[in-house]
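Sequential numbering from 1 applies to the sequence shown in my numbering. By construction, the Cβ of each residue, glycine as well, lies at the ideal position given by its N, Cα and C atoms. No experiment lies behind these values; they were computed from the predicted model shown.
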Amino acid sequence: MYVRIIQKDQERNMIEIIYPVKVKFSSENAKNADILLHEHDLQIGLNESELCTIPPSEYIILDFGMEYSGGVRFLAFDGSNSVRLRLGESLGECCAELGEDGACNDHSLRDLTVEVPRFSDNEYFKSAFRFLRIDNNGDTALSLKAVVLTYNHADVEQIGSFECNDETVNDIFNAAVRTMHLNMQNGVLYDGVKRDRLVWIADIHPEELAYLGLYNDYSFIKNSIEHLIAQTELPRYMNNIAAYSNWFVIAFYEYVFHTGDIDFLNKHKQYVIDTIEYLATSIDDEGVLHVPYDYVFFDWPTHHAKDGGFAGNVVLWYLGMDIGRKLMDIIGVDSSKIAKKAKLIYERYPESCDYKQGAGMRIYAGMDQDGSVLTQNGAKGFSTLLSYYILYAIFKSSGSSIAIDLMKEYYGTMLSLGATTFFEDFNIDWAINAARIDEFPNDGQIEMHRKYGDFCYVGYRHSLCHGWSAGPVQFLQRCVAGIEVLDIGCKKISVKPDIGSLEWIKCTFPTPYGKLSVYCDKNGTTIDAPDGIEILR
């Protein structure tokens with residue numbers, strides 16, 4: 001793979017040139033497509049000797065080897081008046097017709113017909129993809145010197161890491177990191193880099209936990225929070241979903257507690273206080289939660305289930321109150337009314353949840369200890385959005401080895417299907433008799449990306465690179481490596497690895513003071529901490 005950095009900008013974006021690694025398919029009369037795999041000077045000239053030629057009604061499909069964010073750049077010697085370009089996160093998607101099987105141009109274009117002039121150098125698209133299909137629908141042959149991917153990603157140094165003796169675990173961690181990194185765009189944290197390319201506060205917290213374990217440049221989190229504050233004038237709920245303002249409180253506290261950025265808290269303290277107090281009005285004096293507008297949304301997999309969504313909302317409002325009073329204590333204002341609301345809702349809803357998302361969140365919030373439902377039927381019923389909270393709860397209730405095994409079952413299955421980043425949603429049953437996403441199905445096989453999905457992400461509209469699915473990053477660092485921040489600004493950190501059935505682990509973790517390093521095997525633990533941090537073993 002040839003890579004060349006060509007641009008950096010003020011939004012911390014870097015653009016690199018990526019050449020395709022394979023010609024996945026080439027129709028019968030398309031010639032010399034392999035030329036596009038080779039490095040070229042990226043300047044079109046009047047006398048080009050090595051050209052890929054695509055006659056009218058012919059096509060080629062290029063494979064860039066893994067998911068990327070960005071566009072494609074064409075250097076054409078002979079042009080065509082009608083060239084259809086289709087991007088695909090899967091091989092099937094780059095061959096799909098608009099309006100069929102969920103294929104669409106929503107949020108970012110992925111299916112475009114253009115005129116390609118002769119002696120031209122033009123760039124198209126701003127999306128996420130691995131595959132590019134080029135159809136020449138024009139009257140004359142299209143001759144190409146180069147087709148490269150312009151890889152647009154954040155120019156931020158990765159400090160955090162995790163490595164162990166189990167290569168599947170390593171592959172899962174690295175794919176989760178890549179998922180997170182591709183969704184760091186325009187100085188903020190996207191939900192998905194194909195779609196929606198928006199900032200959703202419920203997505204921010206799981207993304208933020210992964211981000212804080214990888215980078216010590218906090219601008220992407222701050223920018224995301226401030227973008228949402230600017231978008232949400234009170235009294236109004238963040239992203240227009242009532243429960244989501246609880247995620248705002250949770251994410252804001254997570255950022256302040258990790259970084260110790262009191263200036264940021266003081267800048268927005270009145271907005272934070274007003275949000276917490278507004279959320280408190282949804283809990284009556286008996287502790288009954290009244291979800292505004294009757295729109296009970298927790299996550300997509302539980303959206304079919306009335307009780308599952310409500311149980312999740314109960315946890316979010318409890319966390320909004322319990323964490324809200326902690327924020328108010330840091331600010332220095334009276335939090336007694338908010339603490340009372342937290343106690344009321346905690347006591348009002350003692351029952352466990354039958355859905356893994358709700359059960360996991362209850363244990364994460366300290367509302368429950370019963371994790372029996374979490375390990376039933378393996379990874380069935382997992383959620384990408386809430387994967388960290390589920391894995392955390394399994395770790396606490398059933399131990400490290402079981403949690404690691406279930407992470408491998410869920411995320412490892414995505415990898416076995418050809419994933420290089422993790423999906424918006426994934427049901428483990430979708431893998432039954434499914435072809436890989438980088439292959440066409442054989443007879444009797446299912447094309448997962450085309451067939452499955454739900455709600456707003458049916459078929460090819462389904463994002464295969466969603467930031468909220470980066471949960472393995474924080475699970476491996478915070479549970480398996482045992483890194484827990486105990487005091488604001490990382491001044492005090494507990495390091496108590498629990499590596500389960502793994503033989504050894506190595507982990508690095510960024511703090512405001514520098515990099516914390518942990519090594520653990522069956523013989524003990526070695527910790528290298530920067531000055532200024534108190535380590536509890």
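Complete runs of the alpha helix (DSSP H) confined to the region 178 to 221 [at least 4 residues]: The qualifying runs are 201 to 212.
field: Beta-carbon proximity check, residue 422 vs residue 175, cutoff 8 Å
entry: In this structure, residue 422 sits near residue 175, with a CB-CB distance shorter than 8 Å.
- request: Scan the region 232 to 277 and note each continuous alpha helix (DSSP H) run of 4 residues or more that stays entirely inside, going in chain order.
  value: The qualifying runs are 244 to 259, 262 to 267.
- prompt: Is the beta carbon of residue 57 sitting closer than 8 Å to the one on residue 105?
  reply: One thing to note: residue 57 has its Cβ no nearer than 8 Å to the Cβ of residue 105.
task: Just the C-alpha distance for residue 128 and residue 86, rounded to the nearest angstrom, thanks.
output: Separation of residue 128 and residue 86 (C-alpha to C-alpha, rounded to the nearest whole angstrom) is 12 Å.
Three-pair Cβ contact test at 8 Å for the region 417 to 436 versus the region 377 to 390: The answer is yes - the region 377 to 390 touches the region 417 to 436, with three or more Cβ pairs under 8 Å.
- prompt: Which residues in the same chain as residue 296 place their Cβ atom closer than 6 Å to its Cβ, once the five residues preceding and following it in sequence are excluded?
  reply: Here the set comprises 309, 310, 313.
query: Can you pull the DSSP bridge partners for residue 161?
result: DSSP links residue 161 through a beta bridge to 508.
query: Given 8 Å as the limit, is there contact between the region 113 to 129 and the region 70 to 83, that is, 3 or more CB pairs closer than that?
result: These segments touch.
query: Counting only beta-carbon atoms, is residue 392 nearer than 8 Å to chain C?
result: Absent from the structure is chain C; it holds one protein chain and no more.
message: Tell me the rounded alpha-carbon separation between residue 400 and residue 410.
response: Near 15 Å, if we compare the C-alpha coordinates of residue 410 and residue 400.
- prompt: The beta strand (DSSP E) spanning residue 14 covers which residue range?
  reply: 13 to 18 is the extent of the beta strand (DSSP E) around residue 14.
- prompt: By DSSP, does residue 537 sit in helix, in strand, or in coil?
  reply: In the three-state reduction of the DSSP assignment, residue 537 falls in the coil class.
Inter-residue Cα distance where the pair is residue 2 and residue 41: Model confidence at residue 2 stands at a pLDDT of 48, short of 50, so the residue's coordinates are unreliable; what they give is reported in the following sentence. Roughly 12 Å between the two C-alpha positions.
- request: Just the C-alpha distance for residue 408 and residue 273, rounded to the nearest angstrom, thanks.
  value: Computed Cα separation, rounded: 41 Å.
query: Nearest to residue 542 by alpha carbon, out of 355, 39, 74, 32?
result: The displayed coordinates of the chain run from 1 to 537. Any statement about residue 542 would go beyond what the structure contains.
- prompt: Among 103, 98, 100, 131, which has the Cα closest to the Cα of residue 69?
  reply: Comparing Cα positions, the closest option is 131.
task: Please list, in chain order, all residues of the same chain as residue 187 whose beta carbon is under 7 Å from its beta carbon, the five residues on each side excluded.
output: Excluding sequence positions up to five before and after residue 187, its CB lies within less than 7 Å of the CB of 11, 12, 219, 220, 223, all in the same chain and listed in chain order.
message: Between the region 245 to 254 and the region 193 to 210, can you find at least three pairs of beta-carbon atoms closer than 8 Å?
response: With a cut-off of 8 Å on Cβ pairs, the region 193 to 210 is in contact with the region 245 to 254, counting three or more such pairs.
Anticipated Cβ contact below 8 Å, residue 418 with residue 180, distance rounded: Beta-carbon to beta-carbon, residue 418 and residue 180 are separated by about 19 Å, too far to satisfy the 8 Å threshold.
message: What would DSSP say about residue 2, mapped onto helix, strand or coil?
response: In this prediction, residue 2 scores a pLDDT of 48, lower than 50, which makes its location untrustworthy; no coordinate-derived value is stated.
field: Range of the contiguous beta strand (DSSP E) that encloses residue 593
entry: Nothing about residue 593 can be reported from this structure: the residues present for the chain run from 1 to 537 only.
field: Terminal residues of the beta strand (DSSP E) in which residue 413 lies
entry: Looking at the DSSP string, residue 413 is not in any beta strand (DSSP E); the run it does join, the alpha helix (DSSP H), is 400 to 416.
message: Alpha carbons only, please: which of 79, 151, 177, 124 is nearest the one belonging to residue 139?
response: Residue 139 has its Cα closest to that of 79, out of 79, 151, 177, 124.
- prompt: If you compare alpha carbons, which of 500, 192, 533 is closest to residue 457?
  reply: Comparing Cα positions, the closest option is 192.
- request: Report yes if the CB atom of residue 483 is closer than 8 Å to the CB atom of residue 509, and no otherwise.
  value: Yes, these two residues count as a Cβ contact at 8 Å.
message: Here's a check: name, in chain order, each residue in its chain whose Cβ is nearer than 7 Å to the Cβ of residue 315, leaving out the five neighbours to either side.
response: Excluding residues within five positions, the ones whose Cβ falls inside 7 Å are 358, 361, 362, 365, 367.
query: Considering residue 66, what are the terminal residues of the beta strand (DSSP E) in which it resides?
result: Residues 59 to 78.
- request: On the DSSP bridge assignment, give the partners of residue 528 in chain order.
  value: Bridge partners of residue 528 according to DSSP: 517.
task: Can you grab the Cα-Cα spacing for the pair residue 184 / residue 286, in whole Å?
output: Here the C-alpha atom of residue 184 lies approximately 42 Å from the C-alpha atom of residue 286.
- prompt: Going by other Cβ atoms of all chains shown within 10 Å of its Cβ, with 16 needed for buried, is residue 474 buried or exposed?
  reply: Result: buried.
- prompt: How far does the beta strand (DSSP E) with residue 344 in it reach, from first residue to last?
  reply: Premise fails: residue 344 lies in the alpha helix (DSSP H), 336 to 348, not in any beta strand (DSSP E).
query: Is the CB-CB distance between residue 178 and residue 461 below 8 Å?
result: When the beta-carbon positions are compared, residue 178 and residue 461 stay at least 8 Å from each other.
message: I need the DSSP call for residue 140, collapsed to helix, strand or coil.
response: Residue 140 sits in coil when the DSSP states are folded into three classes, being neither helix nor strand.
message: Once the 5 residues before and after residue 373 are set aside, which same chain residues still bring their CB inside 8 Å of it?
response: Within the same chain, Cβ atoms closer than 8 Å to the Cβ of residue 373 are found at 352, 353, 354, 355, 356, 359, the five residues on either side in sequence being excluded.
field: Within 8 Å, strictly: CB atoms of residue 36 and residue 62
entry: Yes. Within cutoff.
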